[in-house]
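Numbering (my numbering), first residue to last: 552 to 728.
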Amino acid sequence: MSGPVRPQQFGALRRAANKAFDFLMGKKEVGRDAVGNIYFQWYEGSGEGRVEKREVQWATAYMYYDPNDIPPEWRMWLRKQREQPPTEEELARSAAQRHQMAARVAALDEKERLRRQRQEAMGTPDQHAGAQPDMARFIQQMGGKADGGAAAPGPEAPKRPSGPSEGYKPDSWKPGA
């Protein structure tokens, strides 16, 4: 895979010093992604205090990188959510799945656009696009008057439930009585 050409940020002497420093630190290149980012791994310390470090060298110039350019597999590796760096096959499979999902989303968007176009042509309001409910019809269905008055009594007025609490008075009951 060849990504975009990395712009030269520093002079030749600085680049050589950086390469020598990386060599002395024991940095090794672990992989590259489709954008051209390079991923490194090295260890700091010794014995019990040995710590693994991981980093990315961006393919774009300083301050012009986008963190979303890192594939999810590499992001997981950088955050130590996975031990091994992703393989080329895994990256290719993931990219194919992303393209497949993008095609599905585009097909659904087109289907929705055609549905809305048909609905507008028929003159029916779109219920999903912020259409307001018909309040007069709602009040009529609820049995009230549309002019804002009190609701007309129905055939039967609801009765209060009766039961053991009907004659309850708070001070009349005592425990154990």
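Virtual Cβ for every residue (Gly too), placed ideally from N, Cα, C. Only a predicted model underlies this, so the values are computations on that prediction, with no experimental measurement involved.
- In this model, R667 and A657 are separated by some 15 Å (Cα to Cα).
- Taking P622 as the centre and dropping the five residues before and after it, the same chain places the C-beta of D584 closer than 6 Å to its C-beta, in chain order.
- Pairwise C-beta distances place the region 569 to 585 in contact with the region 625 to 643, as three or more of them are shorter than 8 Å.
- A direct Cα-Cα distance of roughly 54 Å separates D617 from I690.
- For I621, there is no enclosing beta strand (DSSP E), since its DSSP letter is neither H nor E.
- CA-CA distance, P637 to L575, rounds to 26 Å.
- At least 9 Å separates the beta-carbon of Y590 from that of K604.
- Separation of D573 and G600 (C-alpha to C-alpha, rounded to the nearest whole angstrom) is 20 Å.
- Just so you know, the alpha carbons of R649 and D620 end up roughly 14 Å apart.
- Out of R669, A571 and V607, the CA that lies nearest to the CA of Q592 is found in V607.
- For Q635, no beta strand (DSSP E) encloses it, and the DSSP letter there is neither H nor E.
- Where R605 is concerned, the enclosing beta strand (DSSP E) starts and stops at V602 to Q608.
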